[in-house]
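S.K.:
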Amino acid sequence: MKSDSEATAHRLENAIALTLTLGVGIAVAVVLTGIIITLSSEPALWHLESAGYVQSLHPVPLRPALLLHELRTAPGIAAMTAGLFLVICTPLARLAVSTIMLVHTREYRFLPLTGFVLLLIAASVVLGIHPAH
Amino acid sequence: MSIAVAMIALAVVAVLAGLVGSLLGLGGAVLIIPFLTLVLHVNIHYAIGASIVAVICTSSSAGAVYARSGIANIRLAFLLECGAVVGAVTGALLATILAARFLFFLFAAILVYSAASMILSHRRENQRIGIPTAGDASPFAGHFYDAQEKRTVSYVPHRPYLGVPLVFASGILSALLGVGAGGINVPAFRSILHLPLKAALGTSSYMIGIIAATSALIYTFRGDVEPLLAAPIACGILVGARIGAKLLPRLQHQWLNRAFIVLLLLLAGEMTFHGLAA
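Residue numbers (my numbering), protein chains in the order written: chain A, 82 to 214; chain B, 3 to 280.
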């Protein structure tokens with residue numbers, strides 16, 4: 082028979098495992114959909130040389146307005162971008178789920194740690210959107 | 003090579019990287035970054051942006067298994083992630099300042115370090131682990147069932163707070179180079195925190211996702227994650243990591259280790275050459 086603390090630990094581990102499995106599964110399905118749409122709707126990609134493409138690459142900062150614009154003009158690229166964003170958000174979701182589970186199970190001693198990490202991640206979003214020059 | 007064919011080639015390489023990465027406990031980035039930079043001639047900043055997505059996919063996929071089985075020490079990860087995330091933010095900010103030549107050399111040094119740690123890994127097999135005693139009440143104590151040894155392994159991390167500055171450094175490297183930094187974390191978790199090998203591998207794999215996600219957010223909003231490069235990698239690496247996890251029990255780890263050491267050293271030589279030419 083499991084003790085209360087063991088049962089709590091198992092609940093936390095299972096919740097984290099489920100979040101990660103679902104998150105990465107959904108994200109990659111969206112990315113794959115984007116690849117299929119792009120390759121089937123853009124015949125030029127089968128002829129254009131990759132060397133020219135990689136040389137012309139330039140940073141295109143991710144913004145919601147850009148994603149909405151791409152959804153109309155290049156839905157495949159928009160799906161890929163959204164899927165990649167979901168991939169990146171999956172570990173963040175597991176951190177959020179961990180925090181909720183810690184509150185739910187009243188295991189407060191780890192809350193400052195997860196709270197600190199979530200705060201830093203929020204700071205990294207701000208740094209990404211408004212980079213220091 | 004057309005863009006579409008390059009995307010398919012990238013997906014195939016990512017399957018291989020996911021397979022090798024999950025078999026050998028290394029991030030798939032050690033194969034993906036050289037392929038992107040040396041074969042497709044992609045700017046190393048975009049290569050890092052794409053490979054960091056691969057690290058998240060590998061970590062999330064493996065982390066789910068390790069969390070459920072208790073191999074990843076989740077409570078220890080809560081502590082270590084504090085240092086690692088600060089390092090990841092620092093590294094992602096430094097990446098814009100540092101020159102491509104420096105990144106090539108740094109990556110070559112990481113490859114040599116990974117090879118050296120793999121050569122020395124058999125010596126660490128018998129290294130002391132933190133055995134719990136009756137008086138131990140560490141909140142970071144862990145246990146998991148080792149299917150190979152058919153027993154439950156219990157341990158108490160030794161000086162867990164010393165791990166924080168260590169993962170701060172590996173977080174910087176991870177963000178700078180787009181690697182998982184497992185090659186740095188695992189040997190250090192073994193020697194400093196006295197974790198059993200499987201717990202070190204599991205905890206490192208579980209943690210690197212959050213480190214990579216932190217820097218990936220900065221890279222994404224800055225525009226360094228190119229969908230046409232990162233998307234096929236994300237799909238391929240997930241397939242490879244799943245195949246690797248199923249293949250692992252049937253393969254001779256020692257033979258794979260030796261083959262991969264040679265590969266790492268060859269890649270380190272190539273990266274150094276490109277650093278000199280950059």
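Even for Gly, the Cβ is constructed at its ideal location relative to N, Cα and C.
Tell me which same chain residues have a C-beta within less than 8 Å of the C-beta of residue 136/B, skipping the five on either side of it?
M.R.: Locating residue 136/B in the second sequence gives position 134, where the first residue counts as 1. Model confidence at residue 136/B stands at a pLDDT of 49, short of 50, so the residue's coordinates are unreliable; what they give is reported in the following sentence. Contacts found: none.
S.K.: Looking at C-beta atoms only, is the number of pairs between the segment 197-207 of chain A and the segment 97-110 of chain A that lie closer than 8 Å three or more?
M.R.: no
S.K.: Does any C-beta atom of chain A lie closer than 7 Å to the C-beta of residue 137/B?
M.R.: Translated into positions along the second sequence, residue 137/B becomes position 135. With a pLDDT of 49 at residue 137/B, under the threshold of 50, the predicted position of this residue should be treated as unreliable, and no value is reported.
S.K.: What do you reckon, are the CB atoms on residue 112/A and residue 214/B nearer than 7 Å?
M.R.: For the purposes of this step, residue 112/A is taken as the residue at position 31 of the first sequence. For the purposes of this step, residue 214/B is taken as the residue at position 212 of the second sequence. Going by C-beta atoms, residue 112/A is not nearer than 7 Å to residue 214/B.
S.K.: Any idea which residues DSSP pairs residue 322/B with across the strands?
M.R.: Summary: the structure shown does not reach residue 322/B, with chain B confined to residues 3 through 280, and so no result is reported for it.
S.K.: List, in order along the chain, the chain B residues whose C-beta lies closer than 7 Å to that of residue 153/A?
M.R.: By 1-based counting over the first sequence, the position of residue 153/A is 72. Within chain B, no residue comes near residue 153/A; the closest Cβ sits about 16 Å away, beyond 7 Å.
S.K.: Are the beta-carbon atoms belonging to residue 183/B and residue 176/B less than 7 Å from one another?
M.R.: Residue 183/B sits at position 181 when you count from the first residue of the second sequence. Residue 176/B sits at position 174 when you count from the first residue of the second sequence. Closer than 7 Å, so yes.
S.K.: Under 8 Å: do the segment 109-119 of chain B and the segment 233-246 of chain B share three or more Cβ pairs, one atom per stretch?
M.R.: no
S.K.: Identify every run of the alpha helix (DSSP H) within the segment 150-200 of chain B, keeping only runs that are complete inside it and at least 4 residues long; order them along the chain.
M.R.: 165-179, 184-193
S.K.: Using CA coordinates, which residue listed in 55/B, 243/B, 196/B, 72/B is at the minimum distance from residue 149/B?
M.R.: On the second sequence, position 147 is the one that residue 149/B refers to. Answer by Cα proximity: 72/B.
S.K.: What is the DSSP secondary structure of residue 150/A, reduced to helix, strand or coil?
M.R.: Counting from one through the first sequence, the residue named residue 150/A turns up at place 69. Residue state, collapsed to three classes: helix.
S.K.: Quick one, are the C-beta atoms of residue 155/B and residue 146/B less than 7 Å apart?
M.R.: Indexing the second sequence from 1 puts residue 155/B at position 153. Indexing the second sequence from 1 puts residue 146/B at position 144. In contact: residue 155/B and residue 146/B (Cβ atoms closer than 7 Å).
S.K.: Hey, could you find the ends of the alpha helix (DSSP H) residue 189/A is sitting in?
M.R.: In the first sequence, residue 189/A corresponds to position 108, counting from 1. Note, residue 189/A: premise wrong, no alpha helix (DSSP H); not H, not E.
S.K.: So, for residue 216/B: in the same chain, excluding its five sequence neighbours on each side, which residues have a beta-carbon less than 7 Å away from its beta-carbon?
M.R.: For this step, residue 216/B is matched to residue 214 along the second sequence. Once the five neighbours on either side are set aside, the close Cβ partners of residue 216/B are 87, 90, 91.
S.K.: Return the chain-ordered list of same chain residues with a C-beta closer than 7 Å to the C-beta of residue 268/B, the five sequence neighbours on each side being excluded.
M.R.: Against the second sequence, residue 268/B aligns to sequence position 266. Excluding residues within five positions, none has a Cβ falling inside 7 Å.
S.K.: Would you verify that the beta carbon of residue 94/A is, or is not, closer than 7 Å to some beta carbon of chain B?
M.R.: Position 13 of the first sequence, counted from the start, is the residue given in the question as residue 94/A. Closer than 7 Å: yes.
S.K.: Take residue 274/B and list the residues in its own chain whose beta-carbon comes closer than 6 Å to its own, dropping the five residues that flank it on each side.
M.R.: Your numbering for residue 274/B matches position 272 in the second sequence. Here the set comprises 110.
S.K.: Cβ of residue 105/B within 7 Å of Cβ of residue 46/B?
M.R.: Walking along the second sequence from the start, residue 105/B turns up at place 103. Walking along the second sequence from the start, residue 46/B turns up at place 44. Taking 7 Å as the Cβ cut-off, residue 105/B and residue 46/B qualify as a contacting pair.
S.K.: Would you grab the beta carbon distance between residue 198/A and residue 192/A for me? Rounded to a whole angstrom, and I think it's under 8 Å.
M.R.: Counting from one through the first sequence, the residue named residue 198/A turns up at place 117. Counting from one through the first sequence, the residue named residue 192/A turns up at place 111. About 11 Å; that fails the 8 Å criterion.
S.K.: Could you list which residues in chain A have their beta carbon closer than 8 Å to that of residue 216/B, in chain order?
M.R.: What you label residue 216/B is simply residue 214 of the second sequence in a count that begins at 1. Per Cβ cutoff of 8 Å: 201, 202, 205.
S.K.: Between the alpha carbons of residue 13/B and residue 126/A, how many angstroms are there, rounded?
M.R.: Stepping through the second sequence from its first residue, residue 13/B is reached at position 11. Stepping through the first sequence from its first residue, residue 126/A is reached at position 45. When rounded, the distance between both Cα atoms is 16 Å.
S.K.: Counting only beta-carbon atoms, is residue 161/A nearer than 7 Å to chain B?
M.R.: Sequence index remark: in the first sequence, residue 161/A carries index 80 (1-based). Yes - at least one Cβ of chain B is within 7 Å of the one on residue 161/A.
S.K.: Measure the Cβ-Cβ separation of residue 166/B and residue 51/B and say whether it is below 7 Å.
M.R.: Here the question's residue 166/B lines up with position 164 in the second sequence. Here the question's residue 51/B lines up with position 49 in the second sequence. No. Outside cutoff.
S.K.: Going by beta-carbon coordinates alone, are residue 97/B and residue 178/B separated by less than 7 Å?
M.R.: Taking the first residue of the second sequence as 1, we reach residue 97/B at position 95. Taking the first residue of the second sequence as 1, we reach residue 178/B at position 176. Their beta carbons are under 7 Å apart, which means residue 97/B touches residue 178/B by this criterion.
S.K.: Could you give the DSSP three-state label for residue 272/B: helix, strand or coil?
M.R.: The sequence position of residue 272/B within the second sequence is 270, counting from 1. Residue 272/B: helix per DSSP, three-state reduction.
S.K.: Please identify the residue among 202/B, 224/B, 4/B, 23/B whose C-alpha is closest to the C-alpha of residue 263/B.
M.R.: The residue labelled residue 263/B in the question sits at position 261 within the second sequence. Residue 263/B has its Cα closest to that of 23/B, out of 202/B, 224/B, 4/B, 23/B.
S.K.: If I follow the unbroken alpha helix (DSSP H) through residue 130/A, where does it start and stop?
M.R.: Indexing the first sequence from 1 puts residue 130/A at position 49. For residue 130/A, no alpha helix (DSSP H) encloses it, and the DSSP letter there is neither H nor E.
S.K.: On the three-state DSSP scale, how would you describe residue 140/B?
M.R.: On the second sequence, residue 140/B is found 138 positions in, with the first residue counted as 1. In the structure shown, residue 140/B sits in coil (DSSP, three-state: anything other than H, G, I, E or B).
S.K.: If contacts are defined as beta-carbon pairs under 8 Å, then residue 40/B and residue 162/B qualify, I think. What distance do you get, rounded to the angstrom?
M.R.: Counted from its first residue, the second sequence places residue 40/B at position 38. Counted from its first residue, the second sequence places residue 162/B at position 160. The pair is not a contact, with the Cβ atoms about 39 Å apart (cut-off 8 Å).
S.K.: Is residue 47/B helix, strand or coil when you go by DSSP?
M.R.: Taking the second sequence and counting its residues from 1, one reaches residue 47/B at position 45. It is helical.
S.K.: Which residues mark the beginning and the end of the alpha helix (DSSP H) in which residue 92/B is found?
M.R.: For the purposes of this step, residue 92/B is taken as the residue at position 90 of the second sequence. Per DSSP, residue 92/B belongs to the alpha helix (DSSP H) from 76-97.
S.K.: Thinking C-beta only, is residue 61/B closer than 7 Å to residue 211/B?
M.R.: Translated into the one-based positions of the second sequence, residue 211/B becomes position 209. Translated into the one-based positions of the second sequence, residue 61/B becomes position 59. Against a cut-off of 7 Å, the Cβ pair of residue 61/B and residue 211/B comes out as a contact.
S.K.: Confirm, please, whether the CB-CB distance from residue 206/B to residue 188/B is below 7 Å.
M.R.: To locate residue 188/B, count along the second sequence from 1; it is residue 186. To locate residue 206/B, count along the second sequence from 1; it is residue 204. A contact, by the Cβ cut-off of 7 Å.
S.K.: Against residue 98/A, what residues of chain B qualify as contacts under a CB-to-CB distance less than 7 Å, listed in chain order?
M.R.: In the first sequence, the residue the question calls residue 98/A occupies position 17. Near residue 98/A (Cβ distances below 7 Å), the residues of chain B are 66, 69, 70.
S.K.: Quick test of the definition: if touching needs 3 or more C-beta pairs under 8 Å, does the segment 154-169 of chain A touch the segment 196-205 of chain B?
M.R.: no
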